[in-house]
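Let me begin by presenting the structure, written as structure tokens, before commenting on it.
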């Protein structure tokens, strides 16, 4: 399954309207914000159809996954948008993650917990709010909003940069940081970023965390709270380092430009568990046999040649003041 899908769920009192574009969408928030009501309305429509008094508008079938037979039900669903409430304990199981990984369905999961077994994007973590669009009527209009800001601009040059992993992206940022007299360290994985930040003692240092936004979702609650509380920690969360390169003007390729404009139209959920995997494959394929041949595990030195380095850096400077 791929593409962007608009979903409208409504009755004579409530109107939910939102779009999803990835295999995993998370809806968080406190009680009484309408999350469970949304699930109930989809379930009622599935059971009673038009007799439920509910209308669903979507180009894909919307269904609710729940109960003890969830494995069998999931294995028999294809091309659906599947809604799951947090009361279903199976969303925390590794078996569920493995089935999502090979599924051609989209999943909308309502949960206040962080699901560490799923690599979901910071862009696809939402809350629900009443927009007031129908403020002079009895109907309540519910929309989704991003819980976390996607990137925090740095107002000054960071004193230290912490990069999520040890791959090509880290090598690039380490080289740039050395030129600018900035300390650059690797966290050794997204799950280790928070612990690394906790160990830092200097509250006056300006720290920038660079991580793959395409899969950092489960860690965002802790990271964002720490960044707000401390004030000296900023988060730069592009889809991935490969996305940065593809979004720059380094590769003059019309197909790449078309893909980057609307990646959801090209990324098949059954093939790519996370968008970062798609961007890595695209960059590897597009540079194969050229002087820019890309490997995720080790940076091709060509990317640090002055012209190439600065083209990539130009795409970063909107978020980080190097």
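Residue numbers (the UniProt record's numbering): 1 to 322. Beta carbons are placed, not taken as given, at the ideal position from N, Cα and C, and that holds for glycine. None of the values given here were measured: they were computed from a predicted structure.
query, result
"Residue nearest to residue 85 in terms of C-alpha spacing, selected from 105, 178, 41 and 172", "41"
"Residue 29 (DSSP reduced to helix, strand or coil)", "coil"
"Beta-carbon proximity list for residue 148, same chain, < 7 Å, skipping 5 on both sides", "122, 125, 220 and 224"
"Counted within 10 angstroms of its Cβ, other Cβ atoms place residue 112 as buried (16 or more) or exposed", "exposed"
"Beta-carbon proximity check, residue 128 vs residue 27, cutoff 8 Å", "yes"
"When 83, 35 and 197 are compared against residue 366, the one with the closest alpha-carbon", "Summary: the structure shown does not reach residue 366, with the chain confined to residues 1 through 322, and so no result is reported for it."
"Beta-carbon contacts of residue 329 that lie in its chain and below 8 Å, excluding the five residues immediately before and after", "For residue 329 there is no data in the structure shown, the boundaries of the chain being 1 and 322."
"CB contact flag (residue 212, residue 177, <8 Å)", "no"
"Contact set for residue 5: own chain, Cβ-Cβ below 8 Å, skip 5 residues either direction", "19, 20, 21, 58, 59, 60, 81 and 106"
"Endpoints, the beta strand (DSSP E) within which residue 141 is located", "140 to 146"
"Neighbourhood of residue 11 by C-beta, 6 Å cutoff - its chain only, sequence neighbours within 5 removed", "53 and 54"
"For residue 19: DSSP bridge partner residues", "6"
"Unbroken beta strand (DSSP E) run spanning residue 82, endpoints", "80 to 85"
"Cβ-based neighbour list, residue 249, same chain, cut-off 7 Å, excluding 5 preceding and 5 following", "311"
"At least three beta-carbon pairs within less than 8 Å, the region 279 to 298 to the region 226 to 235", "no"
"Span separating the alpha-carbon of residue 302 from that of residue 257", "22 Å"
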